[in-house]
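Chains as they are written, first to last, in our numbering: chain C, 1 to 164; chain H, 1001 to 1164; chain L, 2001 to 2164; chain Y, 3001 to 3164; chain B, 4001 to 4164; chain R, 5001 to 5164; chain G, 6001 to 6164; chain V, 7001 to 7164.
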């Protein structure tokens, strides 16, 4: 189902897309193939498990899971694969994302979820983290990361100059 | 595996038993058949899903799930059954159970977890809640609940008298 | 007053209706008879107690109570009945519902409140939980729950397909 | 039952006595008549309501209520009397008293609870607050408050001197 | 300055007036004389101390202090008088009033602040609490409190009827 | 009273000394003259205000104030002086110092408190911060700060080497 | 780079300028020379370190650093200078500034950050704190601080009078 | 300095070793070469930056950083390398690790830290996550991860059986 994509960006509902598409855009920028998957830890648990179980065989290298409320999606996926799973807490409930953060990051001993910033900044950071993982065996990507870092630094300096 | 038990008390690790056995003791007091199951949302996800999927057919009426940290156990079970699932947040991490409380109670729309008090008081309350559900179609149990309530009231009054 | 309704949805003020009506709509969908009751733990405590005391005799099977701020309503009702009481924390104060969540879920040993998600998602989940309780002795409802679950899963898959 | 006491110190369980007796000791120091009452918002709700309803007629001037977990006791008493009710949050749950604080102080519009510090410092402060209320129409007490304040100041200065 | 007013409503800035005027309106309803005072714990500490020191001699019976951020106003006033001081935490900072709540309610042993609900509901509750204190020696006020309570109950019942 | 000391370390009670003496020890190490003062924002408000008002004239350059619970001490001192005031939140209440942190750091616009880490690490950091201020016009102290920084770095490297 | 400015106001991104310019405005009012610097702890770490390392030699006396999210900027600067560093937590993430507050104030033993109020009030307070430090060896500034304090007090009294 | 190790486990102080050694033990179990490094973001910032800058050239594939309080270590390292950085929040301050969690996970857009559970469970999970990254290009490690997962599952089932 996921072809020869390197990363799958999973979310439980299409209402999370405005946050999670920041991950896709970063992958576009880096030329990393990815796909989106809407699959819920609670509403489609078997499909979610099946996706996770087959991800490695399907060539997936890393999985990004974004979820709000009691965010189980990343943990449930991590339970069915030994690929690295990156969690993006989404602030969709009234608790500003503190609930989804704690429900993701506080995984018990044995099954990690690599948790990043709450919300859109997190979706982007999740994608960068995935690229960092892929770059461990892809020198081209490693170089792109260094360019990207340099461009970020230049942008900061540019803003600083325009102050004056 | 669960025979003709009415309630299964699930926990991810035997280290949660000192908390969760408060539920079993309450069932003993009410004469409700139950069993314990150690099954983890993350370490044995398939077994947990299988248990949940078959629970109704196995005659189970309600499931109590106790977990600490990012407590997904109750939600994962709830995703695989339409039986009522009662969650007991356990304060085993450094965050005093706030993490497990939010990871349980903040279930997204569609799949509820009936969450109770953090810790031992919660384990007992979970069992009382399960008895309340069973009592909806069991007049004997309903009467026992009223007796139990009366005994609690008497104990309060007894303590009040002993003040003087 | 509550006739042969199965569930009463109680709230302390009509300002909570926009949240709590999500419960009523769910019952409409399942064909479960219910009624709304505005009764306050603090402003009409005797009426609230009287309602709770008579609920079982009036044929009520489960009670849903929604409240914000220091949300005592569910606990006060639970103190006067042995029926299962489901609490919906409402985020009407400046604390985003954390106050009402803790004031509901942290019931001391002996009197449980089955607490669900803060806000509208919680109101809907409360109704599903009530249906799950009723379904323990109503095969028709049990089947409807399975259909509902299937429809939720189909909706997720539908959204996933429309991505492509 | 409460005779001609001026203040009743209510708690839901005798396990709260080690905290709440700080209130009684303060009253002893000020010569204010008081009594203790063990009565629970949840386990003996009718007795608690009855106490509150009759408190004014029984000559009670102020009520101090100490409770932990989802601390409803003060609010439930306040719902049944127009006497001032002072709430002492007790840190008996795993959440360090944050649950009982929010469950007391965040009373909805119309029924206040005068909430003080969590724990033993709060029990003492509750008693001082009650004395302040009584002193509004009792010049002797008002003078004792001033003496007490002076003694506290002297104790601070004494400690400062002993530093040197 | 405060003439023969019974209660002074103090706030540190006129920006708190939209919250605190809920207290004044309640006093208008009860016919209790009051005045407003803008005086800051930090910007006009001497004037605040002087007000507090003279309050009793000026016939003041209770003081209501509303403040946001690190809300010291109520505590500073309480340090200079033995009159009861009621604190209203105001949610003017980015922390939703949690900062002002803790800065008010957690007074150390010896100097209580009677803290109420955060925000507008709290301003109203502060005024009711002040009336409850005054009513201890004013039967007319005590009766008005009972009427007010009854009107609140009637309003709830009215809303309940209009549901049908 | 404070002679030609450069810094005064104020605390509300001698029970805070085990935390605050970490500040004094740091000053001993740097050869900065200081004294301790026990003075309470609430129990000895006039003495505290008087100390603050006279501090500058008495040659004091910076004031360190440590307090727990609703920690007003630093803010009250800051209200009576334009010297820099450094606040050390102390975790003496059940809320782990979150209450004292927020009651110190969230000072409203106009009167800052330079707040540092909760507890003993904070007491030491407060003293270093005071030395940093004094060093702005004292080259000897500025050099000592650089030596101290170097010693800290050496200690880290020493520990690293001893790993191997 | 920073000429003979006394204070540098650093921020990681120009999006923080609407908050941080409150510091600059205060310096304008006091006639303190300052400059702004956009430099990020994470995106331009070397430039940030270089700035901090050279700040003292460049005549800088105090550094103000404003940052949101996991706000490392102030701590990173403090690691490279022994000048006093003042941190302004900015509420740019979904957690209302609690994340940036804790990431600033909780500096481990040895390297303090003088942390002030979250947001705009904090930016202003940071500048006042810097002026207080500079005023330790600048009598003109010390007098301006007293005038400023008096003007704040007058403004409060003015508002109080306009109430009547 | 780090030879041909695959992972470096960095911590700011040897007092973090009792927590962080859980990571080393996991690597021992998997036969992954690693070393420990004590280097502080604040006390040895240049050495920390240098380590991070050279890590990739030194053959390091992933970096684990454990820190308490305002935990900047992981972010500071991440600012100087494009290798994946895994952060372990340590509960060494009075705030139970909430401060270090937020100071790690809430990294602003552009520089991710892969944050895991607070404390010892997190140290172990960090190591598993690092192995998962290495396993992307090391089939032997990938198989070991599957074996490890299976052993965890067996251990759960073993405990379940021993219940009976």
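Glycine residues also receive a C-beta, built at the ideal position from the N, C-alpha and C atoms.
Compare the beta carbon distance of residue 7039(V) and residue 7051(V) with 9 Å and say whether it is the shorter of the two. yes
Report the neighbours of residue 5014(R) on chain B: residues whose CB is nearer than 9 Å to its CB, in chain order. Ordered by position in chain B, no residue passes the 9 Å Cβ test against residue 5014(R), which lies about 13 Å from the chain.
Own chain, CB closer than 6 Å to residue 7001(V), minus 5 neighbours either side, in chain order: In this predicted model, residue 7001(V) has a pLDDT of only 42, less than 50, meaning its place in the structure is not dependable; the value taken from the coordinates is given anyway. Closer than 6 Å at the Cβ level, and outside the excluded window around residue 7001(V), lies no residue.
Between residue 5152(R) and residue 7043(V), how many whole angstroms is the CB-CB distance? I'm expecting something under 8 Å. 5 Å
Taking the DSSP output, what are the residues bridged to residue 3088(Y)? 3066(Y)
May I have the straight-line CA-CA distance separating residue 2089(L) from residue 3094(Y), to the nearest angstrom? 20 Å
Spatially closest choice to residue 129(C) from 7131(V), 7138(V), 7115(V), 7098(V), by CA coordinates: 7115(V)
Through-space distance from residue 7025(V) to residue 7003(V), alpha-carbon basis: Reliability fails at residue 7003(V), whose pLDDT of 49 lies under 50, so the model's placement of it is uncertain and the value that follows must be treated cautiously. Using only the alpha carbons, I get a separation of about 19 Å.
Have a look at residue 1154(H) and residue 7108(V) and give me their C-alpha separation to the nearest angstrom. 57 Å
For a contact defined as C-beta to C-beta under 7 Å, what are the partners of residue 149(C) on chain V? 7082
Any chance you could list the alpha helix (DSSP H) runs of at least 4 consecutive residues sitting entirely within the region 6011-6040 of chain G, in chain order? 6017-6030
Can you tell me the Cβ-Cβ gap for residue 118(C) and residue 101(C), rounded? I've got them flagged as a contact below 8 Å. 6 Å
What did DSSP end up calling residue 7003(V) once you bin it into helix, strand or coil? Only weak support exists for where residue 7003(V) lies, its pLDDT of 49 falling under 50; the value from the coordinates is given anyway. Note: residue 7003(V) maps to coil in three-state DSSP.
Is DSSP giving residue 1057(H) helix, strand or coil here? coil
Could you work out which residues of chain H lie near residue 3008(Y), taking near to mean beta carbons separated by less than 9 Å? What residue 3008(Y) touches in chain H: nothing, since even the nearest Cβ is about 12 Å away.
Minimum Cβ-Cβ distance from residue 2(C) to chain V less than 9 Å: Caution is warranted here: a pLDDT of 42 is assigned to residue 2(C), below 50, making its placement in the model unreliable, and the coordinate value is therefore given only provisionally. Not closer than 9 Å to any Cβ of chain V, the Cβ of residue 2(C) fails to qualify, so no.
Can you check which of these residues, 113(C), 106(C), 142(C), is closest to residue 74(C) by C-alpha distance? 113(C)
So which residues of chain V does residue 165(C) contact, with C-beta pairs closer than 9 Å? In the structure as shown, chain C begins at 1 and stops at 164. Residue 165(C) is therefore absent and cannot be evaluated.
8 Å contact criterion, which residue 5059(R) and residue 5011(R) should meet: CB distance rounded: About 21 Å; that fails the 8 Å criterion.
Compute the distance between the beta-carbons of residue 1134(H) and residue 2061(L), then report whether it is under 9 Å. no
For residue 1143(H), does the count of other Cβ atoms within 10 angstroms reach 16, so buried, or fall short, so exposed? exposed
Could you tell me which residues DSSP pairs with residue 6114(G) in its beta bridges? 6086(G)
Integer Cβ distance of residue 4045(B) from residue 5080(R), believed to fall under 8 Å: 6 Å
Quick one: give me the first and last residue of the alpha helix (DSSP H) that residue 6099(G) is part of. 6098-6105
Alpha-carbon to alpha-carbon, residue 2035(L) and residue 1110(H): 21 Å
Where the alpha helix (DSSP H) containing residue 1142(H) begins and where it ends: 1139-1162
C-beta contact flag for residue 7032(V) and residue 7145(V) at 9 Å: no
Can you confirm whether residue 95(C), when its beta carbon is compared against all beta carbons of chain L, has any partner nearer than 9 Å? yes
Extent of the continuous alpha helix (DSSP H) run through residue 4122(B): 4120-4134
Are there 16 or more other CB atoms within 10 angstroms of the CB of residue 4098(B), so buried, or fewer, so exposed? buried
So with Cβ pairs under 9 Å, would you call residue 2105(L) a contact of chain Y? yes
Compute the distance between the beta-carbons of residue 1162(H) and residue 1092(H), then report whether it is under 9 Å. no
Going by the DSSP bridge assignment, what does residue 7167(V) pair with across the sheet? Since the displayed chain V opens at 7001 and closes at 7164, residue 7167(V) lies outside it and no answer follows.
If you count every other CB in all the chains shown that lies within 10 Å of the CB of residue 7147(V), and 16 or more means buried, which is it? exposed
Return no unless some Cβ of chain H is closer than 9 Å to the Cβ of residue 7121(V). yes
Cβ closer than 7 Å: which chain R residues qualify as neighbours of residue 6066(G)? By Cβ distance, chain R contributes nothing, its closest Cβ being about 14 Å from residue 6066(G), past 7 Å.
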